[in-house]
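Residue numbers (this note's numbering), protein chains in the order written: chain L, 721 to 988; chain D, 721 to 988; chain C, 721 to 988.
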Amino acid sequence: MTPVITLLTDYGLEDGYVAACHGVIVGIAPGARLIDVCHLIPAGDVRRGAAVLAQTVPYLPPGIHIGVVDPGVGGARRAVAIEAGDRVFLGPDNGLLSWAVNASGGTTAAYEITNTDLFLSPVSPTFHGRDVFAPVAAHLGNGLPISELGAQVPPDRLVHLPAPTSYRREGAVEGEVVSVDRYGNAQLSISAGDLGSLGVRAGDTLAVWLGRRQLSVPFRETFASVPPGDLVAFADSAGLLAFAINCGDAAQRLGIPPGAHVRVSPAR
Amino acid sequence: MTPVITLLTDYGLEDGYVAACHGVIVGIAPGARLIDVCHLIPAGDVRRGAAVLAQTVPYLPPGIHIGVVDPGVGGARRAVAIEAGDRVFLGPDNGLLSWAVNASGGTTAAYEITNTDLFLSPVSPTFHGRDVFAPVAAHLGNGLPISELGAQVPPDRLVHLPAPTSYRREGAVEGEVVSVDRYGNAQLSISAGDLGSLGVRAGDTLAVWLGRRQLSVPFRETFASVPPGDLVAFADSAGLLAFAINCGDAAQRLGIPPGAHVRVSPAR
Amino acid sequence: MTPVITLLTDYGLEDGYVAACHGVIVGIAPGARLIDVCHLIPAGDVRRGAAVLAQTVPYLPPGIHIGVVDPGVGGARRAVAIEAGDRVFLGPDNGLLSWAVNASGGTTAAYEITNTDLFLSPVSPTFHGRDVFAPVAAHLGNGLPISELGAQVPPDRLVHLPAPTSYRREGAVEGEVVSVDRYGNAQLSISAGDLGSLGVRAGDTLAVWLGRRQLSVPFRETFASVPPGDLVAFADSAGLLAFAINCGDAAQRLGIPPGAHVRVSPAR
């Protein structure tokens, strides 16, 4: 069967970095199917990388998933391979993979990647994507057992990224802006389920606090449910509450970058 | 035979949206050949998407062509599959596909996409690319007859985008800037044929009106026919009249964004 | 065997230009494996294109490598195919390919591409990537002998791009900034070997002159060897000396764009 190997990095697209990884993989596993998840994760933004990977992975075929947002490359952090169901995640042990692993059912087994026979030689201290993760992924794709990579790591020793906070208090849900997409839609850490548990249904109106500001925001099926230019809240394609402006940029108009605190309750 | 599936969207490259579509397709049609036409169509810019798709499709192998620039996603607009010769176009019925369909010989048959058995479940109201068009394309790639998608739509009921205006008047051709590419070349809605019908040949000089400004512009084979820094008109790679500055940015220097009106005639 | 065809251009990703090339190749050589090396080379920046191609090609499988950064397209410059070991490079004869050819062991044989039977018809004077290089690459991928492309060109008649300058003088090495990557890391034309020949080892401190400014910069294995915010020099993933700021942007803070002169010696 054709192995599927996916890549998420913060390498950007202005250099040949991604291509070098592709080239290494194809050189070792010529039949592999490569899928680029995203290479425009802001440089070093592990949380953003973790969010994009976790939200995308349910739609990827089972395979080998490389994630490299690795400000500590060449330092003391481990390189790990984490098995989760029928998926294997490869990357730095800095939490980048942790949300995607959770979204895939949790860690089945984990290994430190130390088998230098599998690496390119020499290994650049600053480009483990090319010299470590790409060749290791290709060898796994060729059928190498994951246990050949190195010693097992107890799952509870892996670095876990704290999930974006979200909690219920006094009939409201509080959370934070997780990410802002290209359309200016602001995705919150508040799930559609949390909202439902407060009795909110599509068609209702939300009371939203952004710091000291309070807004009334219609909660609808989609941003196209309101007239162009209007603000709307909806359950987005990842099942999370999001704010949008139909044909506009909600994050910019509201001034809510990732990390901004938000409180939501049913409007009285 | 390997099915070819192509994708044009306004999803951008900063998220995992495109990868999710790829993943869904590969999960259903593991052998498909995917070609990304463009994912940086400005958000919601249906006309720009239509122009890029129509100009690229003649160079793509016959296949299944997904187009998603869909500001009305989740609203009342239909999802359609349009057969044109040996190609099938999938997307919202908002005109995005219409110029590419024309460039492919016109509609042979059209279907509303309503067969929910083919969709992911649940369907996000805001991400039909992933949940509707990607799986439907993959099933078509696997050989599913297009008639399984839903009821036929009479071709004259499909939404057609008005073509960029271009008309001859008093020995001149008038048109508009269709698009500006990365080099700052401004492509007009005036075809090389229109110009030829006025008797213009490479080597001639054009009289160009941009609003009240009038310019003399050499009409040449290519931008490299004039010295660096000089303005030139030429028939571009889509067969349309374009303005360029050799090693410079014509659209910026001339101040002609998409939509700007242009009048051209042979210089006396 | 599956032919590998790679593409490096300055076409950008906002248009369908790259897809048109992919489409043409796949139409002729349906089994080809395509790898995009980079399409965001700054428009017309032949030196940047040459650097990215040369630094990436050692990691690409043997194949057919298209490079198109071609400000003279449609003018008098030749289109060439250059054989270097088990690789073939296709592109304009403007020096773009020369560093990659050197990195691949030098020219074995070179041919002018003049066999119009292999081109699309008509050939747009401004889009040889789509109409000349893509179909020629696909035919080579299908097994066409390179000698069918046109007459041989003596290797010493090919255009060679002058390499970035680097020379030793009075116990120091002088060079220039070759490129700045997405992280703000500034790569110099000074190789790690040059530095080693001055007796510099990881752990030492460098005396660095940037114009009249002098800095002391630690030379380490990687940027993660210094605290966040600190400046560091290291041998980068291409074996060249680079300046970085751990979790910061060195090129911006130091004010050293590509071309800036740098002088380095061991600190006393």
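C-beta atoms are modelled at their ideal positions from N, C-alpha and C, and glycine is treated no differently. Just so we're clear, the structure is a prediction, and the values are computed from it rather than from any experiment.
- The beta-carbon of H742/C is placed less than 8 Å from the nearest beta-carbon of chain D.
- Relative to T836/L, the option among H859/L, S909/L and H759/L whose CA is nearest is H859/L.
- With a cutoff of 8 Å on beta-carbon distance, G769/C and L728/C are scored as near each other.
- Given a length threshold of 3 residues, each whole run of the beta strand (DSSP E) inside the segment 857-898 of chain L is given here in chain order: 887-889.
- Taking CB atoms only, E832/L has no neighbour in chain C less than 8 Å away.
- At least one CB atom of chain C sits nearer than 8 Å to the CB of P845/L.
- About 5 Å separates the Cβ atoms of T942/L and T846/D, confirming a contact at the 8 Å cut-off.
- One alpha carbon belongs to V808/D, the other to D876/L, and they sit about 50 Å apart.
- Counting along the chain, the unbroken beta strand (DSSP E) around R933/L starts and ends at R933 to P938.
- Boundaries around D914/L are those of the alpha helix (DSSP H), A912 to S917, since no beta strand (DSSP E) includes it.
- Any Cβ of chain C closer than 8 Å to the Cβ of L838/L would place that residue at the interface, and such an atom is absent.
- According to DSSP, F954/D shares a beta bridge with A962/D.
- Between Q907/D and A953/D, the C-beta spacing is not below 8 Å.
- Contact between the segment 894-907 of chain L and the segment 964-981 of chain L is established, with three or more Cβ pairs separated by less than 8 Å.
- Beyond the five residues adjoining it in sequence on each side, D956/D comes within less than 8 Å, by CB distance, of N905, Q907 and A962 in the same chain, given in chain order.
- In its chain, beyond the 5 residues on either side, no residue has a beta carbon closer than 7 Å to the beta carbon of P750/L.
- R767/L and A892/L do not touch by the CB rule: their CB atoms are close to 24 Å apart, not below 8 Å.
- Look at S945/D here: in three-state DSSP terms it is helix.
- A distance of 8 Å or more separates the beta carbons of I784/D and Y831/D.
- If you check the CB distance, Y731/L and H759/L come in under 8 Å.
- Judged by DSSP secondary structure, V724/L falls within the beta strand (DSSP E) whose first and last residues are V724 to T729.
- R988/D and L960/C have their C-alpha atoms roughly 59 Å apart.
- Its Cα nearest to that of V821/C, the residue V777/C stands out among P986/C, V777/C and E896/C.
- Contact between I725/L and I802/L does not hold, since their C-beta atoms are separated by about 15 Å, which reaches or exceeds 8 Å.
- Residues of the segment 744-759 of chain C that bring their beta carbon within less than 7 Å of a beta carbon in chain D comprise V744, V746, G747 and P750, in sequence order.
- Residue contact with chain D for L961/L: absent (no Cβ-Cβ distance below 8 Å to any residue of chain D).
- Ranked by Cα distance from L878/L, the first of G979/L, V746/L and V800/L is V800/L.
- By alpha-carbon distance to L754/C, the top candidate from V757/L, A912/L, L840/L and A739/L is A739/L.
- Just so you know, the alpha carbons of V928/D and C967/D end up roughly 21 Å apart.
- For V788/D, the enclosing beta strand (DSSP E) covers residues I784 to V788.
- Nearest in C-alpha terms to P986/C, of all of R888/C, S945/C, G975/C and G949/C, is R888/C.
- Of the candidates S945/L, L930/L and G825/L, the residue whose Cα lies closest to the Cα of D924/L is S945/L.
- For A823/D, the enclosing alpha helix (DSSP H) starts and ends at S818 to A823.
- Annotated three-state conformation of G747/C is helix, per DSSP.
- Between V772/L and D735/D, the CB-CB gap stays under 8 Å.
- When the beta-carbon positions are compared, I965/L and G949/L come within less than 8 Å of each other.
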